[in-house]
Amino acid sequence: MFFGEKLRNLRELNGLSRKELADQLTVSEQAVWQYEAESMVPGIGVLNHLRQLFQVDTRYFFTKDRLTAVATEEHVAYRARDRESRKKTKLELAYINYLDNYLNYFERFLVSPTASIRALQRRIIALVQAHTELTDTVIAQAAEEARQFLGLTSNRDLMYVLEMSGIYIVEKDLGPVVDAYSTVTKDGRAFIVLGNIKKSAVRRNFDLAHELGHLLLHTTVDMATLTKAEHKLIEQQANMFASVFLMPVATFKADFTNLRRRSNPDSYIELKQKYLVSIVALEYRAYKLGLLTYQENRYFFGQVHKKGYAALEPLDDQLAPVRPSRIKSLIQLLFSKQVLTVNDLGQTLHVTPAFITRLFSLDANFFEPYMQHKQATFSSAEIIPLKRSV
């Protein structure tokens, strides 16, 4: 039996409309609808095209779907310059569902430690609920408590610390509008999805801290019903959380006193190296703490535009962003210890290595060491010996 739901899920995972898929298959849009509605079974030619397009085995479409819907629209927090980017939500939900389900498959072979991020979420929710309003003071307290709870001493370790806390971080092509987004699934798994457009380490760090803010402050907020003004407010709250989280008040004030010319953007370069935060974010944090006057703040931003730092700051092209590694290490462990083989992907999951590589944004040759290659020729030692004449 052909399962049309599996085709629909794959189509949504790859961000294709029915018409776009129909064009690639050179069939009608109605035909794709019929495949998904299970009122018509694709022919051999279409099946082969689907197999190649989605990097799965043909058997994939003829086995019952393992996919469980764990992601919900109300818990997807976008960090975007354009509110209209939320039209991507449906497609991203499919992506999270696939991530979660395939992670469940891989993790069944391991004993995973309890995710500390869940305990931190409970603490921050209790903190927020103890106040009638989510004020700047409450947000700052939540950020300071989160940094202490996670044991973060250097911002260089942020990616590692968040992954060790139990947050699953992945990279994905999110297009030019969305920087990152985060969500918590029905089973409590926390995800941060980062755009894979090349960024500096400081931009990536702020994205991570911003999404952590959403995961801690806004888990009870229904994102799907927010007005544009409400969405702008929670973005501002996440920005403030990130600022305090990355630049703790006590250490930041102590370092700031050593600046010679606090209205000169170039004076912040050493602080940028230490905190892995942009020069603009460093100055804005200082201004919000009352360490600069209004006139100094205006002069600073005048210099930022004059020097062209609004587009590219010093060190932006030198500080390489850290890439997520937890999921990669998990899968690597299973295959290097031969708990799983490449053959298992096809026999059990009915997908190709390329499917897993693409889903988890692994290196293109990730599975190469685990492939069993057929020999093109035999060595002399492997040839059956000739019978000697007596």
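Residue numbering for the sequence shown follows the working numbering, starting at 300 and increasing by one per position. We treat Cβ as the ideally placed atom computed from N, Cα and C, and that holds for glycine.
Per DSSP, the beta-bridge partners of Ile468 are Ile491. Under the Cβ criterion (8 Å, minimum of three pairs), the stretch 389-403 does not count as touching the stretch 540-553. Here DSSP, grouped into helix, strand and coil, assigns Thr482 to strand. In this structure the stretch 499-508 does not lie against the stretch 349-356, because fewer than three pairs of beta carbons, one per stretch, are closer than 8 Å. Minimum Cα-Cα distance from Ala442 among the listed residues Phe301, Gly344, Leu514 and Leu591 corresponds to Leu514.
In the three-state reduction of the DSSP assignment, Val331 falls in the helix class, which pools H, G and I.
Assigned with DSSP and collapsed to three states, Val326 falls in coil, not helix or strand. Sixteen is the threshold: since fewer than 16 other Cβ atoms of the shown chains lie within 10 Å of the Cβ of Lys605, the residue is exposed. Within the DSSP secondary-structure output, Tyr377 pairs in a beta bridge with Tyr480. Rounded to the nearest angstrom, the gap between the Cα atoms of His517 and Arg488 is 15 Å. According to DSSP, Val650 shares a beta bridge with Val355.
Counting other Cβ atoms within 10 Å of its Cβ, Gly607 stays below 16 and is therefore classed as exposed. Secondary structure of Phe666 (DSSP, three-state): coil. Taken atom to atom, the span from the alpha-carbon of Ala425 to that of Glu462 is near 23 Å. About 6 Å separates the beta carbon of Glu337 from that of Phe301, a gap short enough to meet the 8 Å contact definition. Per DSSP, the continuous alpha helix (DSSP H) segment holding Glu304 begins and ends at Gly303 to Leu312. With distances taken between CA atoms, Leu493 lies nearest to Pro623 out of Phe634, Gly314 and Pro623. Assignment of Gln617 by DSSP, reduced to helix, strand and coil, places it in the coil class. Looking from the CA of Asp356, the closest CA among Phe659, Asp643 and Asn664 belongs to Asp643.
Straight-line measurement puts the Cα of Thr482 at about 17 Å from the Cα of Asp472. Pairing Leu457 with Leu419 gives a Cβ-Cβ distance that is not under 8 Å. With a beta-carbon spacing of about 17 Å, Asp399 and Glu304 fall beyond the 8 Å limit used to define contacts. Runs of alpha helix (DSSP H) with 4 or more residues, each lying fully within the stretch 516-551, are found at 527-545, listed in chain order.
If the five residues before and after Tyr397 are omitted, its C-beta is found closer than 8 Å to the C-beta atoms of Asn308, Leu312, Leu366 and Leu658, all from its own chain and listed in chain order. Under the three-state reduction of DSSP, Val576 is assigned to coil, being neither helix nor strand.
Boundaries of the alpha helix (DSSP H) around Gln440: Asp435 to Leu449. Ranked by how close their Cα comes to the Cα of Ala537, the residues Gly512, Lys527 and Ala523 have Gly512 in first place.
In the three-state reduction of the DSSP assignment, Asp364 falls in the coil class, being assigned neither a helical nor a strand state. Straight across, the Cα-Cα distance linking Leu315 with Leu390 is about 9 Å. Taken atom to atom, the span from the alpha-carbon of Ser562 to that of Gln535 is near 24 Å.
Between the C-alpha atoms of Leu629 and Asp486 there is a straight-line separation of about 20 Å. Listed in chain order, the non-local C-beta contacts of Leu581 below 8 Å within the same chain comprise Met546, Tyr567, Leu570, Lys571 and Tyr574, local neighbours out to five positions each way being set aside. With respect to Glu444, Arg422 sits close: the two C-beta atoms are nearer than 8 Å. In this structure, the straight-line span from the alpha carbon of Ser542 to that of Phe408 is close to 39 Å.
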